[in-house]
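Which chain is which? The protein sequence lines are Z and C, in order. If you're matching positions, the first sequence starts at 1 in my numbering and goes up one per residue. If you're matching positions, the second sequence starts at 1 in my numbering and goes up one per residue. Beta carbons: idealized from backbone N, C-alpha and C, even for Gly. Computed from a predicted model, the values in this text were never measured in an experiment.
Number of protein chains: 2
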Amino acid sequence: MKKGSSASQYAILGFLGFGPMSGYDIKQTVERSVRHFWNESYGQIYPLLKRMSAEGLAVAKTERNHGKPDRKVYSITPKGKKQLQDWLAHPAKAQPSRNELLLKIFFSGKENSANDLRQLERTRAEHAALLSEYLNIESDLRHRRAPHPQLPYWLMTLDFGKRRSQAIVDWCDQSIKTLRHLSSKSPNKKRRN
Amino acid sequence: MKKGSSASQYAILGFLGFGPMSGYDIKQTVERSVRHFWNESYGQIYPLLKRMSAEGLAVAKTERNHGKPDRKVYSITPKGKKQLQDWLAHPAKAQPSRNELLLKIFFSGKENSANDLRQLERTRAEHAALLSEYLNIESDLRHRRAPHPQLPYWLMTLDFGKRRSQAIVDWCDQSIKTLRHLSSKSPNKKRRN
DNA sequence: ATGAGCATGTAACTGGTTACATGATTTA
DNA sequence: TAAATCATGTAACCAGTTACATGCTCAT
C-alpha cells in the first residue's frame with residue numbers, strides 16, 4: 001500500500017471505475033449508494049481528484065455547461081485501475097470503532113435511567129426507519145438494476161446494513177426492557193419497600 | 001456542550017468517576033473494559049489529563065514509586081463530575097461509520113471472488129473469536145462483579161458486542177454462500193456452457 | 001425575491017495516531 | 001541478555017470536517 005494514499009482515494013477510484021464523474025457526481029453517488037457505511041466530503045474529494053490527476057491515476061476533461069458552472073469530469077486511467085485492483089486485493093484494515101452511546105451507557109447508573117431510555121428509544125426509531133429504507137432500496141435495486149453484473153455485491157452491502165440495523169433494534173428493545181425492570185426493582189425517586 | 005471538549009475527555013472523566021487513576025491506569029482500563037467500542041491513545045490521554053487538571057475537572061497527586069517511575073494519580077472533582085453528568089444527559093451523536101471491507105465488496109466483481117472469500121472468512125473468524133471472548137467476559141463479570149451497581153450497564157454494552165459480532169458472523173456466512181453460488185454459476189477461469 | 005440545486009474550490013481547524021525519548025525492574 | 005511491564009510525556013504527522021467564497025439558473 002503506497003504511503004499517502006488514504007481510503008478516500010480508493011473510494012474515489014472505485015466510483016470512477018463505474019464511469020467518468022465530476023467531484024460533484026462522486027459526492028452525490030456516495031450519498032445515494034454507500035451512505036450507510038461510507039462518506040466523503042467535498043473538502044476531501046476535490047483536492048484528492050487534483051492530486052490523483054497529477055499522479056496519472058485519472059484524467060480530467062472540462063465540460064462547458066450552459067449557464068451552470070463548468071464540470072470537470074474525471075476518468076480513471078489504466079494506472080488508476082491497477083491501483084484500485086491492488087487495493088481491493090489487500091485485506092481491509094479494521095477501522096477503530098467508537099460508539100458514544102455505548103460509552104454513555106457504560107458510565108451510566110440508576111440516576112440516568114430516564115435519559116438512557118430516551119436515547120435508546122431514539123436509536124431504536126432511527127434504525128427501524130433505516131431498516132425499512134433498506135428494504136425499499138433493495139426491491140428498487142432488484143427491479144431497476146436486475147441485469148447489472150455488480151448487483152449481487154451491492155445487495156451484499158445492503159444486507160449488511162439490514163442485519164446491523166436489525167441487531168441494533170433488537171439490542172435497544174432488550175436494553176429498554178432491562179432498564180425498566182431495573183428501575184421498577186429499585187426506583188429512582190420513590191421507593192416502596 | 002462546551003467547545004474544545006472532545007469525547008475523549010468525557011471518556012477519561014468517566015473512568016476517573018470509578019476512582020482515582022493515572023494516565024497509564026486509564027489506558028489499561030480502556031483496554032480491559034471498553035476496547036470493543038472505544039479506544040484511547042497515550043498521545044490523547046496525557047495532554048488531556050494535563051488540560052483537565054488546569055481546568056479544575058481533576059486534581060493530580062504524584063505518588064512516589066520504588067524503582068518504577070512516579071505515578072501521577074488523578075481524581076475527579078465536583079466540577080468534573082458535573083461536566084460528566086451534563087455530557088451523559090445529552091444525546092450521543094452518531095459517529096460516521098466507515099467500513100473498508102464493505103467498500104471493497106461494493107467495488108468488487110467476479111474477478112475478485114477468491115480474494116473476497118478470503119476476507120470474508122477472515123472476518124468471520126475474527127468475530128467468532130470475539131463472540132466467545134465476550135461470553136467468557138460475561139460469565140466472569142457475573143461472578144466476580146455480581147453485586148456492583150453498574151454491572152447491568154456493563155452487561156448491556158457487552159450484549160451489544162455479542163449481537164454485533166453475531167450479526168457479522170451471520171452476514172459473512174450468507175455472503176460466502178452467495179459468492180460461491182455466483183462463481184459456480186459463471187466461473188472465473190473455466191466456463192463450461 | 002427567495003431558496004434550492006448545480007458546481008468548484010480553499011483555509012482553518014480538530015481530533016487523533018504514531019514515533020520517539022527516557023529509564024528502572026522483573027521475567028523468560 | 002533480551003523482552004516485557006511500568007510510567008510519563010512531546011512532536012510530527014495525517015485524515016477529515018466545517019466554514020467560507022463564488023455565481024448562475026430554475027422553480028416557488
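Checklist line | Residue from C:Q166, C:E121, C:S6 whose Cα sits closest to the Cα of I176 of chain C | finding: It is C:E121 whose Cα lies nearest to the Cα of I176 of chain C.
Note to self: Across the region 5-24 of chain C and the region 148-158 of chain Z, are there enough close Cβ pairs to call them in contact, namely three or more that are closer than 8 Å?
What the structure shows: Proximity of the region 5-24 of chain C to the region 148-158 of chain Z falls short of the contact definition, fewer than three beta-carbon pairs being nearer than 8 Å.
Check: Taking C-alpha atoms, which residue in C:L117, C:I76, C:Q95 lies nearest to H90 of chain Z?
Finding: Out of C:L117, C:I76, C:Q95, C:L117 has the C-alpha closest to the C-alpha of H90 of chain Z.
Checklist line | Own chain partners of M52 of chain Z with C-beta closer than 8 Å, once the 5 adjacent residues on each side are dropped | finding: Once the five neighbours on either side are set aside, the close Cβ partners of M52 of chain Z are Q9, I12, L13, A58, Y74, G80.
Next item on the list: Tell me, please, whether the CB atom of S184 of chain Z is closer than 8 Å to any CB atom in chain C?
Entry: S184 of chain Z has a beta carbon lying at 8 Å or more from every beta carbon in chain C.
Next item on the list: Note down, in chain order, all residues in the region 145-167 of chain C with a beta-carbon under 7 Å from any beta-carbon belonging to chain Z.
Entry: So the close ones are P149, Q150, P152, Y153, W154, M156, T157, D159, F160, R163, R164, A167.
Next item on the list: With a threshold of 16 other CB atoms inside 10 Å of the CB of G195 of chain Z, please say whether the residue is buried or exposed.
Entry: No statement about residue 195 of chain Z is possible, as the shown extent of chain Z runs from 1 to 193 and does not include it.
Note to self: Quick check: the region 62-76 of chain C against the region 122-133 of chain Z, are at least 3 beta-carbon pairs closer than 8 Å?
What the structure shows: No, the region 122-133 of chain Z does not touch the region 62-76 of chain C.
Next item on the list: Decide yes or no for the touch test of the region 34-49 of chain C against the region 101-111 of chain Z: beta carbon pairs closer than 8 Å, at least 3 of them.
Entry: Contact holds: three or more Cβ-Cβ distances are below 8 Å.
Check: Are any of the Cβ atoms in chain Z nearer than 8 Å to that of E100 of chain C?
Finding: Closer than 8 Å: yes.
Next item on the list: Identify, in the order they occur along the chain, each residue of the same chain with its Cβ nearer than 6 Å to the Cβ of K61 of chain C, setting aside the five sequence neighbours on each side.
Entry: Taken in chain order, the residues that qualify are V73.
Check: DSSP three-state call for T62 of chain C: helix, strand or coil?
Finding: Residue state, collapsed to three classes: strand.
Check: Shorter than 8 Å from the beta carbon of I12 of chain Z to some beta carbon of chain C?
Finding: It does not; no Cβ of chain C falls within 8 Å.
Checklist line | Assigned exposure category for L23 of chain Z - 16 Cβ within 10 Å defines buried | finding: Strictly speaking, residue 23 of chain Z in this sequence is Gly, with Leu absent from that position. Around the CB of G23 of chain Z, 16 or more other CB atoms lie within 10 Å, so the residue is classed as buried.
Checklist line | Residue from Z:H143, Z:R164, Z:D86, Z:G19 with nearest C-alpha to A129 of chain Z | finding: The residue with the shortest Cα to Cα distance from A129 of chain Z is Z:R164.
Note to self: For a test of the three-state rule: what should DSSP assign to K72 of chain C, helix, strand or coil?
What the structure shows: DSSP places K72 of chain C in strand when its eight states are reduced to three.
Item checked: Beta carbon proximity, G17 of chain C to chain Z, threshold 8 Å -> Taking Cβ atoms only, chain Z reaches closer than 8 Å to G17 of chain C, which makes this a yes.
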